[in-house]
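Have a look at the structure below before the remarks.
Numbering (this note's numbering), first residue to last: 81 to 436.
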């Protein structure tokens, strides 16, 4: 009888934040999450050989060090799934969740605010994929950044960057029943492009308002903390990665038309290193009679990168300027933003549990 094989349709993925400073120790996964793939997860063990005399052909190899899996995990961005925990781990400093609105007979809404920490030492997740034949576990992974982009039909995709220890399929902590017993959020309630509003004005100007809305055709935000991955004596997999350089924050904006805000102002801004501030808000359906689901990115200090403005022209087509901004530490908090770090993420959700 021919084997029918396996497909991703029946596979599941779940995760858990591992205990603080517990790199290399698996946590039992409890929360389901949706990604398009396993990011190319693979056990890669180096083979140690040599070129010694008396080998007509290469002889027996010994197992060497395990390469650290460096994964890009992509999925739809959702208003109310467990990805907010990944946001918080990458950023490093979540405030305690607070009640936004509590009304009898209605769903309570909660406010989650995530700020950047100087380092994310000791923070990470255990991931497990039930691949039917076995459960593949990545015992420890550092979430060191993410990209938020728009994709087909206006869907907003999130790609998390994860640097891990060592995958295994013989874990005694995470087995098929563990992954099956995790709590999985609804597939719906996705963040969509048409729900978004982008506003920008000068860093020194007043608080952002309706008159500061910019008509953007495409927006991408990339955040990354460069990591090292040292191999240390006594173990085959890497020790806990740590920040290895300054984090980078890049906001790319594509404009549908060439006009004064999208060309003259940006050209002048590049020439004089003008500082801007911006926010990027997505508003979903109502949680209760007062609050809607919301995702809010705020940037108190943006400057154009050296190649940060272009207005490519070709034939008789529309000229669509492009801008690339670097989010930086603000000298002082601007009007309407009571913080100075490169960005802040605030989410209004029905999730009541603080990320960690």
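Where is the CB? At the ideal position from N, CA and C, for every residue including glycine.
Exercise. What first and last residue would you give for the alpha helix (DSSP H) that runs through residue 191?
Worked result: For residue 191, there is no enclosing alpha helix (DSSP H); the residue is found in the beta strand (DSSP E) stretching over 189-196.
Problem set entry | Straight-line gap, residue 148 to residue 205 (C-alpha atoms, nearest Å) | Going by the C-alpha atoms only, they are around 15 Å apart.
For this session: Could you spell out the range, first to last residue, of the beta strand (DSSP E) harbouring residue 116?
Result: Note, residue 116: premise wrong, no beta strand (DSSP E); not H, not E.
Problem set entry | the segment 138-146 in contact with the segment 224-235 per 3-pair CB rule at 8 Å | Between the segment 138-146 and the segment 224-235 there are fewer than three inter-stretch CB-CB distances shorter than 8 Å, so the stretches are not counted as touching.
Problem set entry | Close Cβ partners of residue 213 (< 7 Å) along its chain, the five nearest in sequence each way excluded | Closer than 7 Å at the Cβ level, and outside the excluded window around residue 213, lie 86.
Exercise. Can you name, in chain order, every residue of its own chain whose Cβ lies under 7 Å from the Cβ of residue 413, other than the five neighbours on each side?
Worked result: Contacts found: 380, 419, 420.
Problem set entry | Whole runs of the alpha helix (DSSP H) within the segment 134-212, excluding any shorter than 4 residues | Listed in chain order, the complete alpha helix (DSSP H) runs (minimum 4 residues) inside the segment 134-212 are 163-171.
Problem set entry | DSSP-derived helix/strand/coil call for residue 348 | If DSSP states are grouped into helix, strand and coil, residue 348 belongs with the helices.
For this session: Can you say whether residue 93 is buried or exposed, counting buried as having 16 or more other CB atoms within 10 angstroms of its CB?
Result: Result: buried.
Problem set entry | Residues sharing a beta bridge with residue 334, DSSP | In the DSSP assignment, residue 334 forms a beta bridge with 298, 402.
For this session: Using the Cα positions of residue 159 and residue 256, report the straight-line distance between them to the nearest angstrom.
Result: C-alpha of residue 159 to C-alpha of residue 256: approximately 28 Å in a straight line.
Problem set entry | the segment 94-111 contacting the segment 256-276, beta-carbon criterion three pairs below 8 Å | By the Cβ test, the segment 94-111 is in contact with the segment 256-276, since at least three Cβ pairs between them sit closer than 8 Å.
Exercise. Counting Cβ pairs, one atom from each stretch, are 3 or more of them under 8 Å apart for the segment 367-381 and the segment 339-354?
Worked result: The segment 367-381 vs the segment 339-354: no contact.
Exercise. So who's on the other strand from residue 428, going by DSSP bridges?
Worked result: The bridge partners DSSP lists for residue 428 are 191, 374.
Problem set entry | Buried versus exposed call for residue 189 [16 or more other C-beta atoms within 10 Å across all chains shown] | Buried.
Problem set entry | Endpoints, the beta strand (DSSP E) within which residue 260 is located | Annotation for residue 260: no beta strand (DSSP E) segment contains it, though the alpha helix (DSSP H) segment containing it runs 256-260.
Exercise. Residue 362 lies in the beta strand (DSSP E); which residues open and close that run?
Worked result: Looking at the DSSP string, the run of the beta strand (DSSP E) that includes residue 362 is 356-366.
Exercise. If we call anything under 8 Å between Cβ atoms a contact, is residue 300 one with residue 227?
Worked result: Against a cut-off of 8 Å, the Cβ pair of residue 227 and residue 300 comes out as a contact.
Exercise. With DSSP run on the structure shown, which of helix, strand or coil describes residue 343?
Worked result: Helix, per DSSP.
Exercise. Taking the C-alpha atoms as reference points, what is the distance between residue 243 and residue 203?
Worked result: Distance between the alpha carbons of residue 243 and residue 203: 12 Å.
Problem set entry | Residue range of the unbroken beta strand (DSSP E) whose run includes residue 127 | Element bounds for residue 127: 125-128.
Exercise. Quick one: what's got a C-beta closer than 6 Å to residue 401's C-beta in the same chain, skipping five residues either side?
Worked result: Counting only Cβ-Cβ distances below 6 Å, and skipping sequence neighbours, we find 335, 338, 342, 343, 391.
Problem set entry | Nearest neighbour of residue 187, chosen from 356, 164, 428, 331 [CA to CA] | The residue among 356, 164, 428, 331 with its C-alpha nearest the C-alpha of residue 187 is 428.
Exercise. Three or more C-beta pairs closer than 8 Å, one from the segment 343-357 and one from the segment 166-177: is that the case here?
Worked result: The segment 343-357 and the segment 166-177 do not touch, with fewer than 3 CB-CB distances between them shorter than 8 Å.
Exercise. Taking residue 286 as the reference, which of 431, 424, 383, 416 has the closest Cα?
Worked result: Answer by Cα proximity: 416.
For this session: Mark residue 131 as exposed unless 16 or more other C-beta atoms lie within 10 angstroms of its C-beta, in which case mark it buried.
Result: Per the 10 Å Cβ criterion, exposed.
Problem set entry | Distance, residue 410 Cα to residue 284 Cα | Going by C-alpha positions, residue 284 is about 11 Å away from residue 410.
Exercise. So, is residue 309 buried or exposed, given that buried needs 16 or more other C-beta atoms within 10 angstroms?
Worked result: Looking at its Cβ environment, which holds 16 or more other Cβ atoms inside 10 Å, residue 309 is buried.
Exercise. What residue range is occupied by the uninterrupted beta strand (DSSP E) comprising residue 230?
Worked result: Segment 215-230, the beta strand (DSSP E) holding residue 230.
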